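Residue numbering for the sequence shown follows full-length UniProt numbering, beginning at 8 and increasing consecutively.
Each residue gets a CB set at the ideal place from its N, CA and C atoms; glycine is no exception.
Please read all numbers here as calculations on a predicted model, not as lab measurements.
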Amino acid sequence: ESVINRIAAGEIIIQPVNALKEMLENSIDAGASSIDIVVKDGGTKLLQIADNGHGIAKEDLPLLCERFATSKLSRFEDLESIQTYGFRGEALASISHIARLSVVTKTATSAVAYKAFYANGKLSGQNFKSSANTEPKPVAGKVGTQITVEDLFYNLPQRLKGLKSKSDEFSRILDVIGRYAIHCKDVGFSCKKHGEPYQILSTRAQLPIKERIRTIFGNSIATDILEVDLDTNIEKEYGTDNSKYGLISVTGAITNSNYNNKKRIPPVFFINNRLVACEPLKRAVSGVYQFFLPKGSYPFIYLSLQIDAQNVDVNIHPTKREVRFLHEEEIIELIVDKVHLILSSVDT
Ligand code: ADP
Ligand code: MG
8 ESVINRIAAG EIIIQPVNAL KEMLENSIDA GASSIDIVVK DGGTKLLQIA DNGHGIAKED
68 LPLLCERFAT SKLSRFEDLE SIQTYGFRGE ALASISHIAR LSVVTKTATS AVAYKAFYAN
128 GKLSGQNFKS SANTEPKPVA GKVGTQITVE DLFYNLPQRL KGLKSKSDEF SRILDVIGRY
188 AIHCKDVGFS CKKHGEPYQI LSTRAQLPIK ERIRTIFGNS IATDILEVDL DTNIEKEYGT
248 DNSKYGLISV TGAITNSNYN NKKRIPPVFF INNRLVACEP LKRAVSGVYQ FFLPKGSYPF
308 IYLSLQIDAQ NVDVNIHPTK REVRFLHEEE IIELIVDKVH LILSSVDT
């Protein structure tokens with residue numbers, strides 16, 4: 008059974024960045040305003056993420072890494088959109104089958120923090136000794152949660168071998184943190200390599216969008232960052248025959264020129280606050296630029312869409328970031344028109 012669990016977990020967590028993204032989203036879900044990440048060897052040796060969110064109650068610790076144990080089912084409205092991104096109560100469970108996972112956490116009502124170790128979905132003894140007492144131990148700590156994942160894929164050696172270089176894995180991790188840091192204006196993020204004193208990425212909460220983008224990607228981002236803000240009722244735009252269309256809102260920021268970063272930054276898309284890939288949207292928005300910039304240009308594009316949860320497709324495999332939504336063509340057309348309007352209104 009443990010081998011089956013391990014294989015299943017390895018299909019959900021393909022690379023260290025998959026584990027990191029799940030934990031980031033958990034910290035954001037917990038209402039954190041500050042998230043600090045430490046990485047060693049591209050995330051294979053160590054992935055540690057500390058937040059100041061609401062913490063986990065001691066009595067919830069035994070089930071934390073149990074498959075399908077989630078505290079998020081009560082918010083029924085969110086259910087479908089959460090399903091879209093897979094992992095209902097599966098992320099920590101999966102990680103605990105293919106790594107050594109430990110947690111230090113404290114809620115506002117608890118006098119102390121607790122430290123717990125996990126192996127194969129269950130509480131384990133101190134320092135992962137299976138024979139020892141598994142009772143979470145009181146320790147000093149602040150309100151919030153720190154999750155430490157060590158030796159990822161230690162029991163899937165082929166997977167470990169198949170990974171790209173440590174620095175490639177680390178770039179993927181930085182890339183995902185950067186994307187969340189652009190999107191989550193109420194959260195400050197930091198990321199550093201284990202054992203190194205300086206932060207590689209560091210943002211504060213409440214920075215305006217343009218400053219966030221510059222903090223994360225540097226001043227190589229063109230000086231002109233244009234904000235996108237589109238609130239629309241699709242029903243109104245496309246007739247009232249389909250009342251299910253509902254409201255969508257699009258916010259974000261784009262540039263009207265190249266940035267001369269060494270590395271190309273692909274478009275950053277969030278749908279209902281989850282980082283997604285959306286190839287049709289990417290193609291359509293990039294298409295608008297052909298009227299404004301020479302071929303092969305690298306504009307910066309960040310768009311955050313809020314769509315009625317029932318209009319987001321739930322039948323996508325958890326490991327796939329690619330997302331589909333209802334009335335995709337109409338919505339994309341509205342966004343394309345808006346981007347066109349914005350780019351036309353400035354000199355390029
Ligand atoms: P899901 O996010 O789908 O519920 P996870 O496996 O990612 O499943 O997490 C399981 C549960 O652990 C969450 O529902 C939440 O209650 C708790 N949890 C995980 N990470 C944190 C965190 N950083 N702060 C507070 N609670 C957390
Ligand atoms: Mg989660």
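Where residue i sits in the DSSP three-state scheme
i	result
I44	strand
T91	Residue placement at T91 is flagged as unreliable, the pLDDT there being 42, under the threshold of 50; a coordinate-derived value is accordingly withheld.
L341	helix
residue 365	Only positions 8 to 355 of the chain appear in the structure, and residue 365 is not among them; the question remains open.
K200	strand
V10	helix
F83	Here F83 scores only 49 on pLDDT, less than 50, and its place in the model should not be relied on; the value that follows carries that caveat. DSSP places F83 in helix when its eight states are reduced to three.
G303	coil
I308	strand
F124	strand
Q165	helix
P69	helix
F276	strand
D36	helix
residue 359	Look at the range of the chain in this structure, 8 to 355, and you will see that residue 359 is not part of it.
F332	strand
Residue i and residue j closer than 9 Å at C-beta
i	j	result
Q22	L181	no
L54	T155	yes
K52	D158	yes
S131	Y125	yes
V292	L312	no
G151	N12	no
K173	G49	yes
C72	L31	no
T262	L233	yes
I272	Y305	yes
S101	A15	yes
E329	V283	yes
V46	F177	yes
N59	H190	no
I220	F307	yes
C198	L214	no
heavy atom of ligand 2 below 8 Å from residue i C-beta
i	result
E29	yes
L99	yes
N25	no
E32	yes
D67	no
D36	yes
Exposure label - residue i; buried when at least 16 CB within 10 Å
i	result
D315	buried
V353	exposed
D175	exposed
V10	exposed
F298	exposed
G185	buried
A26	buried
Y205	exposed
A115	exposed
N134	exposed
A139	exposed
R107	buried
Same chain only: Cβ atoms within 7 Å of residue i, ignoring 5 sequence neighbours per side
i	result
G148	V111, K113, A120
G259	V235, Y309, L310, S311
F83	Confidence in F83 is poor, its pLDDT being 49 and thus under 50, which makes the residue's placement unreliable; the coordinate value appears in the next sentence. The answer is none, since no qualifying residue turns up.
E203	none
G17	I105, L163, R166
Distance cut-off 8 Å: residue i Cβ against heavy atoms of ligand 1
i	result
L341	no
D58	yes
H61	yes
T77	yes
T152	yes
L130	no
G17	no
T116	no
A139	no
G185	no
L71	yes
T155	no
Spatial neighbours of residue i in its chain, beta-carbon cut-off 6 Å, leaving aside the 5 residues before and after
i	result
K122	V111, K144, V146
N249	In this prediction, N249 scores a pLDDT of 48, lower than 50, which makes its location untrustworthy; the coordinate-derived value is nonetheless stated afterwards. Taken in chain order, the list of residues that qualify is empty.
V24	R179, I180, V183
S256	D238, Q313
A188	F196, T210, I223
Residues near residue i in its chain [Cβ-Cβ closer than 8 Å; skip 5 each side]
i	result
K345	V235, L237, V257
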